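For reference, the structure discussed in these notes is given below.
There are 2 protein chains.
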Amino acid sequence: MPVLQGPLVDRDAWSAVGECPIEKTMAVAGQKSAMLIMREAYYGTTRFDDFAKRVGITKAATSARLSELVEAGLLTKQPYREPGQRARDEYVLTQAGVDFMPVVWAMFEWGRSHLPNNGRLRLTHVPCGADAHVEIVCDNGHSVPLEELGMRLVPQKRPESG
Amino acid sequence: MPVLQGPLVDRDAWSAVGECPIEKTMAVAGQKSAMLIMREAYYGTTRFDDFAKRVGITKAATSARLSELVEAGLLTKQPYREPGQRARDEYVLTQAGVDFMPVVWAMFEWGRSHLPNNGRLRLTHVPCGADAHVEIVCDNGHSVPLEELGMRLVPQKRPESG
DNA sequence: CAGTATCCATAAAGATACTG
DNA sequence: CAGTATCTTTATGGATACTG
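Just so you know, the protein sequences line up as chains A and B, in that order. If you're matching positions, the first sequence starts at 1 in the UniProt record's numbering and goes up one per residue. If you're matching positions, the second sequence starts at 1 in the UniProt record's numbering and goes up one per residue.
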């Protein structure tokens, strides 16, 4: 029953391309502290010390993680200056960072529903008030159950002349 | 422009609950090798040595990761016996494991579109042939852009008697 | 094929102190 | 507030050898 099998996914597609996007993603943002920093960034945190405090890691770890995430393009450093203070930087999500959030919310949803906790925290679609969840959807608007999900290697892009 | 802000998410909801599902999820399945094992499991791999070979980790790491994932309920060990061979175990996805796949595919999609690679690998909705991607969707069927996503703390569940 | 055990290198994180 | 630097502990993983 829980066994998924079959050739929906072309196994060789990975090796054909050589490198797996999942592996690369884990390499740039796959640490627990990185994930929690992304959560905080989405949440509106921008200051170094706030990240350290809210994620619960040391400044050294905060520094390392923040630098890596900026380097990877998920966050960007923006200068700001409070009245009477020196200029500082704040860390804000880039578009790539925003695009990363489905990863974070997928983890949230899985943990919420499959790990012991009171489950009272819910993702919500603010305008309509309904609960929200992470789904796989196709370009024709279908919700894609895992059994119908495949992987393909698209042909090299070419100019439309020929 | 890339700055997300505002109180869409009740910041204190995390602390009110005490523990973050994202953090817990990272704790049980947040290692790169665990993520890749999940990819392989979805992909149809069930044998110990195949996991080791395809994920590219040692048997020791495979053993540790597989045990943790079974312990966490993402995989289950099923006995099988090939003709003339002794009984062995194979590792297959449980329902919780299947439910975890959006995390994996969200990483795939992010890496595919935001990290340097040829981007030729695509998730596909097999029945209709269209490309698929990970989205946040609400129970009313709306696609939820990140700006409309919130978090709430639902009241304790009670019997419907009163 | 399906593991377990051991030893070693590396990397990540906590504690703490210091700088502007 | 916003970091950097250092030191130590722990976690992770590779290499390798051994068992059923």
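From the three backbone atoms N, C-alpha and C, an ideal C-beta is built for every residue, glycine too. Since the model is a prediction, treat every value here as computed from it, not as a measurement.
Checking contacts by CB at 9 Å: is SER113/A closer than that to chain B? yes
Quick check on the DSSP output: the beta strand (DSSP E) that includes ASP89/A runs from which residue to which? 87 to 93
Rounded to whole angstroms, what is the Cα-Cα separation between LYS77/B and LEU93/B? 9 Å
I want to verify the contact list: residues of chain A whose CB lies under 9 Å from the CB of ASP89/B, in sequence order. Within 9 Å Cβ-Cβ: nothing; ASP89/B doesn't reach chain A, min ~13 Å.
So is TYR42/A buried or exposed if we call it buried at 16+ other beta carbons inside 10 Å? buried
From which residue to which residue does the alpha helix (DSSP H) around ILE136/B run? Not the alpha helix (DSSP H): ILE136/B falls in the beta strand (DSSP E), residues 132 to 138.
Do you know whose CA, among ARG86/A, THR45/A, THR58/A and LEU121/A, lies nearest PRO155/B's CA? LEU121/A
For the beta strand (DSSP E) containing THR124/A, list its first residue and its last residue. 121 to 125
Going along chain B, which residues have a C-beta under 7 Å from ASP131/A? CYS138 and ASP139
Mind listing the chain B neighbours of ASP50/A? Cutoff is C-beta to C-beta under 8 Å, in chain order. Those within 8 Å of ASP50/A in chain B number zero; the least Cβ separation is about 11 Å.
Counting only runs that start and end within the region 34 to 109 of chain A, where is the beta strand (DSSP E) found for 3 or more residues in a row? 75 to 81 and 87 to 93
Do the region 52 to 64 of chain B and the region 121 to 131 of chain B make contact, defined as three or more Cβ pairs closer than 8 Å? no
Against chain A, does PRO127/B count as a neighbour if the rule is that its beta carbon must be under 9 Å from one of theirs? yes
Could you give the C-beta distance for ARG81/B and ILE37/B, rounded to a whole number, given that I count them as a contact under 8 Å? Not really, about 23 Å apart at Cβ, beyond 8 Å.
Does chain A have any CB closer than 9 Å to the CB of THR124/B? yes
Are there 16 or more other CB atoms within 10 angstroms of the CB of GLU71/B, so buried, or fewer, so exposed? exposed
Determine the chain B residues that contact GLU135/A at a beta-carbon separation under 8 Å, and present them in chain order. PRO102, VAL134, GLU135, ILE136 and VAL137
According to DSSP, is GLY111/A part of a helix, a strand, or is it coil? helix
Can you tell me where the alpha helix (DSSP H) holding PRO155/A begins and where it ends? No alpha helix (DSSP H) holds PRO155/A; DSSP gives it neither H nor E.
Counterpart residues of LEU149/B in DSSP-defined beta bridges: HIS125/A
Chain B partners of ALA27/A, CB-CB under 8 Å? LYS32
Going by CA-CA distance only, name the one from TYR91/A, MET26/A and GLY73/A that's closest to GLU40/A. TYR91/A
Interface residues of chain A around GLU23/B at Cβ under 7 Å? LYS32 and LEU36
Closer than 9 Å, CB to CB, is ARG39/A near chain B or not? yes
Could you spell out the range, first to last residue, of the alpha helix (DSSP H) harbouring PHE28/B? The question names Phe, but residue 28/B is Val in the sequence shown. Looking at the DSSP string, the run of the alpha helix (DSSP H) that includes VAL28/B is 21 to 29.
Comparing alpha-carbon positions, which option in PRO145/A, VAL98/A and HIS133/A lies nearest GLU147/B? VAL98/A
Would TRP110/B and ALA96/A qualify as a contact pair, given that the criterion is a beta-carbon distance under 9 Å? yes
Any beta-carbon of chain A closer than 9 Å to the one on ALA64/B? no
Looking at the C-beta of THR69/A, does it have a partner C-beta in chain B at a distance below 9 Å? The sequence given here has Leu at residue 69/A, not Thr. Judged by the 9 Å Cβ criterion, LEU69/A is not in contact with chain B.
Measuring straight from C-alpha to C-alpha, what distance separates SER67/B and PRO79/A? 47 Å
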